[in-house]
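So the structure is just underneath, and the comments pick up after that.
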Amino acid sequence: MASLSLRNITKTYAGGFTAVKDFNLEIEDKEFIIFVGPSGCGKSTTLRMIAGLEEISEGELYIDDQLMNDVVPKDRDIAMVFQNYALYPHMTVFENMAFGLKLRKVPKDEIKRKVTEAAQILGIEHLLDRKPKALSGGQRQRVALGRAIVRNPKVFLMDEPLSNLDAKLRVQMRTEIGKLHKKLETTFIYVTHDQTEAMTMGSRIVVMKDGIIQQVDTPSNLYLYP
Ligand code: ADP
Ligand code: ADP
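Numbering (our numbering) for the sequence shown: 3 to 228.
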């Protein structure tokens, strides 16, 4: 269960620049929602505030009716996947995927079971002993997804996860992420500047511009800028 409520959220950075203004949104449990808009419109900032990686200047964030503003990232039950994968280069795929669980003192046999299971879902079982530098871009992004899956988070945040992949792989991974959403039955929040991705992946789209929500609607009802 994970519904989110973002109430009048504003982010003003230290220099005084307001990147997100009065953001209001209710996200339903198990929804696949997209934040779309041009570079610099405040998508990542919003996602990072949900993850707890960025302080909320004004407003409230609730997850399942619990106020989250002052909850540290580790205790939010949220996983985030980044565009640049953010894998640890000195660790194997197994160790990368196991790392978050190890930090949380999950027993070793359970770690092994969870990592193996996630690796099977993503088709990367044969890569567990490799280091990230010996992987392709698509494989690296699967490892990043795997690292998030093993934690069984309530909310899955993705920040332009496919932007570094070539066009063909991007199309393939869109479908895979859609399947993953169905399988995991968790809330997905997905950030992209790519309109095709936005229109094909989510059940609802939030269009942002200059830190402000312009529209919130289903893909079929949405009018996107040309
Ligand atoms: P998007 O994800 O839509 O590309 P961001 O949320 O990354 O947009 O950035 C929104 C705006 O906030 C941009 O103008 C960006 O330059 C600015 N910004 C992002 N991070 C910081 C920061 N740490 N300090 C000051 N300004 C920032
Ligand atoms: P340690 O803390 O002892 O160094 P690791 O984090 O390296 O342990 O590994 C944790 C557990 O996961 C160990 O039982 C190890 O055998 C197992 N393991 C490590 N790599 C793999 C792999 N590629 N496939 C399956 N199990 C693995």
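Beta carbons are placed, not taken as given, at the ideal position from N, Cα and C, and that holds for glycine. In this text the structure is predicted, and so the values were computed from the model without any measurement.
Take residue 115 as the anchor and find which of 33, 106 and 96 has the nearest alpha-carbon. 96
Are residue 222 and residue 33 close, meaning C-beta to C-beta below 8 Å? no
Let me check understanding here. Comparing Cα to Cα, which of 173, 26 and 70 lies closest to residue 55? 70
Could you give the distance in angstroms between the alpha-carbon of residue 51 and the alpha-carbon of residue 58? Looking at the two C-alpha atoms, the distance is approximately 6 Å.
Three or more C-beta pairs below 8 Å linking the stretch 70-81 and the stretch 29-46: no
Alpha-carbon spacing of residue 17 relative to residue 132, whole angstroms: 42 Å
Helix, strand or coil at residue 118 according to DSSP, with G and I counted as helix: Look at residue 118 here: in three-state DSSP terms it is helix.
Kindly examine ligand 1 and report whether one of its heavy atoms sits closer than 7 Å to the Cβ of residue 21. yes
Ordered list of alpha helix (DSSP H) runs contained in the stretch 20-92, each at least 4 residues: As summarised for the stretch 20-92, the continuous alpha helix (DSSP H) elements at least 4 residues long and confined to that stretch are 45-53, given in chain order.
Assign residue 164 to one of three DSSP states: helix, strand, or coil. coil
Cβ-based neighbour list, residue 229, same chain, cut-off 7 Å, excluding 5 preceding and 5 following: Past the boundaries of the shown model lies residue 229; the chain is included only from 3 to 228, so the question cannot be answered.
In three-state DSSP terms, what is residue 98? helix
Quick check on this structure: which residue in 148, 139 and 197 has the alpha carbon closest to the alpha carbon of residue 170? The residue with the shortest Cα to Cα distance from residue 170 is 139.
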